[in-house]
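Novice:
Numbering (the working numbering), first residue to last: 4 to 162.
(1) Span of the alpha helix (DSSP H) holding residue 139?
(2) Taking only the alpha-carbon atoms, compute the straight-line gap between residue 169 and residue 98 and give it to the nearest angstrom.
(3) Three-state secondary structure (DSSP) at residue 74?
(4) Would you report the Cα separation of residue 115 and residue 121, rounded to the nearest angstrom?
(5) Quick check: what's the CA-CA separation for residue 124 versus residue 74?
(6) By how many angstroms is the C-alpha of residue 107 removed from the C-alpha of residue 138?
This is the structure:
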């Protein structure tokens with residue numbers, strides 16, 4: 004029968020073991036980075052997010068971009084025409100005035116509503132304060148009434 008001896012870790016064996024673990028982690032990280040790069044390079048979103056190499060596409064946009072942007076000369080002509088335009092037509096002036104008057108009316112209604120709300124609030128507060136004052140005055144009169152004389156109305160001038 005073969006004689007088996009238990010393996011005891013030596014200093015040489017433990018250092019090779021840690022080197023093996025370091026190698027495993029670095030290779031796993033490297034493989035993960037490669038997998039991410041491969042996935043990004045194969046995805047269709049990566050092509051649409053990439054900056055195009057040719058400069059010809061910026062001169063002549065395609066599709067919906069053509070409808071949004073216009074050439075510089077056309078844009079400057081547009082603004083030049085707008086500034087050199089003659090006096091506004093009476094219809095334009097009337098439409099602008101109607102818009103201004105409608106906005107003023109909305110502001111006036113809003114402020115009137117706020118003022119009414121505040122007036123109602125202030126009136127309620129005054130009524131509550133008057134009620135509290137009346138109650139405290141009645142309590143004072145009841146406390147000070149001696150029962151001998153008819154009750155007098157305090158703070159009233161009687162002739």
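By construction, the Cβ of each residue, glycine as well, lies at the ideal position given by its N, Cα and C atoms.
Specialist: In terms of the structure at hand:
(1) 93-147
(2) Look at the range of the chain in this structure, 4 to 162, and you will see that residue 169 is not part of it.
(3) coil
(4) 10 Å
(5) Rounded to whole angstroms, the gap between the alpha carbons of residue 124 and residue 74 is 60 Å.
(6) 46 Å
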